[in-house]
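Protein chains: 2
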Amino acid sequence: MTTARSRASLLWAAESFVRQFAQEDPGARDPDERVREIAASVAAFGTYTHTSEELTYGARIAWRNSARCIGRLYWQSLIVRDLRDLTHPDDIAYECFEHLRMATNGGKIRPVISIFAPDRPNRPAARLLNEQLVRYADDPRSARHTALLQEMGWKGGHGRFEVLPLMVQVAPHRPPECYELPEDAVWEVPLVHPHHPGFAALALRWHAVPAVSDMTLEIGGIHYPAAPFNGWYMGTEIGSRNLADADRYDLLPVVAQLFGLDARDERTLWRDRALVELNLAVLHSFERVGVTIADHHTESRRFLSHIQREERHGRKVPADWSWIVPPLSSGSTAVFHRYYDPPDPLATPAFRHRPMP
Amino acid sequence: MTTARSRASLLWAAESFVRQFAQEDPGARDPDERVREIAASVAAFGTYTHTSEELTYGARIAWRNSARCIGRLYWQSLIVRDLRDLTHPDDIAYECFEHLRMATNGGKIRPVISIFAPDRPNRPAARLLNEQLVRYADDPRSARHTALLQEMGWKGGHGRFEVLPLMVQVAPHRPPECYELPEDAVWEVPLVHPHHPGFAALALRWHAVPAVSDMTLEIGGIHYPAAPFNGWYMGTEIGSRNLADADRYDLLPVVAQLFGLDARDERTLWRDRALVELNLAVLHSFERVGVTIADHHTESRRFLSHIQREERHGRKVPADWSWIVPPLSSGSTAVFHRYYDPPDPLATPAFRHRPMP
Ligand code: HEM
Ligand code: HEM
């Protein structure tokens with residue numbers, strides 16, 4: 000059952016989306032007519048269906064609206080895969096793997112989003128339980144997921160950098176269906192250091208494509224809970240956070256030892272130096288095998304170009320300073336030395352976090 | 000002339016300060032009695048005078064309230080110099096130099112504040128035009144001050160790291176009186192690098208005491224425009240900002256060259272590496288000559304202790320994330336991985352910026 004109130008708020012959200020689309024894109028349909036059509040659908044079924052143009056536009060604007068994302072310069076180039084007719088978990092898993100192949104693109108990473116069926120009144124859609132399409136079982140960040148999988152009988156998760164199976168949950172309170180990722184869908188980069196041959200012996204690696212899979216895409220009042228999206232990596236995500244954070248792989252002490260740094264005294268700046276070595280290894284290793292990656296200085300400048308370009312179109316660029324500013328040498332990146340329009344939590348279309356089930 | 004309205008708001012501010020003091024300090028005077036006394040003074044003169052206990056408490060709380068300051072763990076140890084009877088610029092300058100000597104303390108830096116006469120109704124007090132008691136003429140940040148001094152006939156400002164004279168302005172629209180800082184009041188640290196002997200040839204140096212001199216201290220509705228205060232340096236202020244920022248000394252390219260880094264390609268992380276070398280030189284050089292300085296990892300942990308301690312006293316610690324989190328290796332400092340209570344722009348006592356004259 001949908002209430003009169005939820006229908007009214009859905010209509011309101013739909014109308015404001017349709018009008019925004021028409022305003023930004025002269026090729027869009029007559030908004031009055033489209034609003035009438037949506038109203039009829041909502042009256043009859045409690046919901047409505049986006050045209051594929053609306054879906055594409057909506058997903059791109061959701062990216063443009065992501066206040067935490069430094070990579071928004073290329074929002075218009077997002078490849079939108081319309082997979083709304085898929086609801087069977089086998090199909091969803093299959094297309095997630097296809098997503099990874101398409102995004103990987105032989106190393107020349109492309110931003111892609113795959114949009115599966117939306118929630119319908121009293122019929123929530125399938126969702127992916129994984130935080131990202133590719134996550135490692137021994138990453139402390141995956142502890143709950145790894146434990147869940149093992150409870151369900153997964154035999155893996157004892158080695159290093161083992162990729163978690165994909166968990167597709169077709170309905171709330173149902174156990175997820177699990178799928179091992181095919182090898183050819185997951186490109187990985189072995190980490191080596193340009194000047195220290197011993198680095199390779201640490202046997203570190205990371206995957207090529209960061210694809211967030213647990214956020215809900217909201218467009219015009221419609222919720223797409225299964226809508227994994229990816230960009231390319233900015234090196235610091237791997238070198239300064241995933242591999243370095245004390246509650247992630249916590250590798251600074253290991254790297255410090257390899258480079259002979261004195262880790263007993265903070266004032267040797269051993270942490271800072273180990274970070275530089277680790278980040279250098281990440282950038283160098285991706286580049287060496289031909290996988291797109293951005294350094295934080297370049298990506299910072301691109302973000303400022305993005306702001307300039309958006310402002311020429313009369314649009315603000317809300318941004319979350321503490322997420323935008325890179326975690327390495329922040330004071331020396333182009334994005335540090337200014338404030339931004341504050342994030343607008345009501346802006347839509349949007350990607351939204353949901354509580355972990 | 001003071002208006003009824005400005006008197007009412009002064010009284011309101013005074014009363015809330017007096018009550019806060021009484022609540023926090025059982026040794027404080029009976030607040031009801033003190034409020035009546037202040038009311039009588041405001042009725043007669045349009046203002047009132049803090050007791051020296053109120054002044055000390057007020058200055059310390061202003062520090063504790065500074066949402067941008069990572070160094071607040073030691074707020075109770077602030078040395079408060081009561082110099083409210085001084086109004087002649089010669090005396091003010093003399094006591095600013097004494098401040099520096101007392102703060103320097105043979106290298107064992109002590110946090111000190113010197114509080115000169117407050118603004119009175121229709122009689123604004125003297126103020127210092129300098130941003131800090133010690134600033135260099137060739138620091139691009141001082142460009143306006145250097146130009147102003149030269150217009151007024153100052154012959155200096157052509158060398159490197161020349162200390163700007165102190166500018167004491169006794170009344171608005173009056174030209175400031177200028178005073179050269181005595182050599183023994185300004186300790187400076189020549190910068191050397193622990194492993195690279197060539198670093199010393201860059202002939203860099205920095206002064207020992209950061210003493211902010213252009214903020215107004217506000218306590219219970221009374222404004223003290225001349226109230227310079229200092230802590231000790233956190234290394235990144237010098238190594239990652241003052242010497243590194245492109246609009247300050249912009250030394251990363253110079254350091255990169257010294258260390259043979261390839262500055263044509265961002266992906267060599269030459270900026271990040273040069274930053275580490277510069278910061279290491281700063282910490283090492285201060286330590287070598289026995290001048291207190293904090294590294295950003297240690298100061299970050301102290302700030303978290305501060306929060307814990309304040310919470311045990313039932314107090315929040317408003318903090319400005321983008322100022323608190325250090326500009327070097329931010330992701331690997333203890334303060335990065337959380338949010339803080341938002342700054343409260345109405346909190347008093349407080350240090351406030353004022354528009355540059
Ligand atoms: C094209 C290259 C891209 C780069 C370099 C990039 C970079 C980043 C970075 C560094 C973060 C912060 C991550 C963190 O600290 O955990 C971020 C967050 C985010 N990005 Fe991007 N991004 C890219 C593409 C995309 C795309 C294609 C989308 C969506 C279509 C997107 C949406 C987001 C969102 C929603 C967040 C916030 C995630 C959260 O709240 O956990 N980004 N991005
Ligand atoms: C004891 C050692 C201290 C340390 C290590 C310290 C550290 C810092 C740092 C790193 C900043 C940011 C500076 C910037 O990025 O420009 C800051 C800001 C600030 N600190 Fe402290 N501080 C100390 C003592 C004090 C004292 C004694 C006071 C006042 C009594 C104070 C009041 C402030 C204020 C008001 C700001 C903000 C300045 C502005 O808005 O420009 N600090 N502090």
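Going down the list, the sequences are from chains B and R. According to numbering that gives the first Met the number 0, the first sequence holds residues 0 to 356 in order. According to numbering that gives the first Met the number 0, the second sequence holds residues 0 to 356 in order. We treat Cβ as the ideally placed atom computed from N, Cα and C, and that holds for glycine. Bear in mind the structure is a predicted one, so any value in this text is a computation, not a measurement.
query: Can you name the residues that DSSP bridges to F115(R)?; result: L82(R)
query: Residues of chain R with CB closer than 9 Å to the CB of W320(B), please, in chain order.; result: W320 and S321
query: Under 8 Å, with one C-beta from each stretch per pair, do the region 230 to 246 of chain B and the region 286 to 296 of chain B reach the 3-pair mark?; result: yes
query: Secondary structure at M0(B), three-state DSSP: helix, strand or coil?; result: The pLDDT assigned to M0(B) is 49, lower than 50, so where the model puts this residue is not dependable; a value taken from the coordinates is nonetheless given after this. In this structure, M0(B) counts as coil in the three-state DSSP scheme.
query: Between A293(B) and ligand 1, is there a pair consisting of the residue's CB and a ligand heavy atom that are separated by less than 6 Å?; result: yes
query: Starting from the C-beta of P193(B), find all residues in its chain whose C-beta is less than 8 Å away, skip the five residues before and the five after it, and write them out in chain order.; result: L279, A280 and H283
query: Within 10 angstroms of its Cβ, does M0(R) collect 16 or more other Cβ (buried), or is it exposed?; result: Note that M0(R) scores a pLDDT of 49, beneath 50, so its modelled location is shaky and nothing firm can be said.
query: In angstroms with no decimal places, state the Cα-to-Cα distance between I306(R) and L10(R).; result: 31 Å
query: State the start and end residues of the unbroken alpha helix (DSSP H) segment that holds H295(B).; result: H295 to R311
query: Taking C-beta pairs closer than 7 Å, name the residues in chain B that T291(R) reaches, listed in chain order.; result: Neighbours of T291(R) on chain B: none; closest Cβ ~12 Å, over 7 Å.
query: For V324(R), which three-state DSSP category applies?; result: coil
query: For H296(R), decide whether its Cβ has a neighbour in chain B, counting only Cβ atoms nearer than 7 Å.; result: yes
query: Could you check the C-alpha separation between F285(B) and D84(B) for me, to the nearest Å?; result: 36 Å
query: 7 Å is my cut-off, CB to CB: does S304(B) come that close to chain R?; result: no
query: Suppose you measure from the CA of F335(B) to the CA of T235(R); what does that come to, to the nearest Å?; result: 14 Å
query: Determine the burial state of E130(R): buried for a count of at least 16 other Cβ atoms within 10 Å of its Cβ, exposed for fewer.; result: buried
query: Would a C-beta distance cut-off of 7 Å place R351(R) and E217(R) closer than the cut-off?; result: yes
query: With DSSP as the reference, label W231(R) as helix, strand or coil.; result: coil
query: Can the beta-carbon of V156(R) be found less than 7 Å from the beta-carbon of A136(R)?; result: Inspection of the sequence shows that residue 156(R) is occupied by Gly rather than by Val. Yes, Cβ-Cβ distance for G156(R) and A136(R) is below 7 Å.
query: Tell me whether the beta-carbon of S329(R) lies closer than 7 Å to the beta-carbon of S329(B).; result: yes
query: Less than 6 Å between the CB of S284(B) and some heavy atom of ligand 1, yes or no?; result: no
query: Would you check if the region 241 to 256 of chain B and the region 218 to 226 of chain B touch, i.e. whether three or more CB-CB distances between them fall below 8 Å?; result: no
query: Whose C-beta lies closer than 6 Å to the C-beta of A346(R) among residues of the same chain, with five residues either side of it excluded?; result: N64
query: Evaluate S51(R) with the Cβ neighbour count: other Cβ atoms within 10 Å of its Cβ, from every protein chain shown; 16 or more gives buried, anything less gives exposed.; result: exposed
query: With a threshold of 6 Å on Cβ separation, who are the neighbours of A361(B) within its own chain once the five nearest residues in sequence on each side are excluded?; result: Any answer about residue 361(B) is impossible in this case: the structure gives chain B only from 0 up to 356.
query: For a quick check, are the C-beta atoms of R311(R) and L72(R) less than 7 Å apart?; result: no
query: Check whether the region 118 to 127 of chain R and the region 157 to 171 of chain R are in contact - that is, three or more C-beta pairs closer than 8 Å.; result: yes
query: Any Cβ of chain R within less than 7 Å of the Cβ of P342(B)?; result: no
query: Would you say the beta carbon of M233(B) comes nearer than 6 Å to a heavy atom of ligand 1?; result: yes
query: Tell me whether S65(B) counts as near ligand 1, meaning its Cβ is closer than 6 Å to at least one heavy atom of that ligand.; result: yes
query: Beta-carbon within less than 6 Å of S40(R)'s beta-carbon, same chain only, minus the 5 sequence neighbours each way: which residues are those?; result: Y47
query: Answer yes or no: does any C-beta atom of chain R fall closer than 7 Å to that of R240(B)?; result: yes
query: Going by the beta-carbon positions, is the gap between L132(R) and S212(R) smaller than 7 Å?; result: yes
query: Taking just the CA atoms, how far does Q256(B) sit from E265(B)?; result: 14 Å
query: Could you confirm whether any beta carbon from chain R is found closer than 7 Å to the beta carbon of L274(B)?; result: yes
query: Could you check whether the Cβ of G238(R) sits closer than 6 Å to any heavy atom belonging to ligand 2?; result: no
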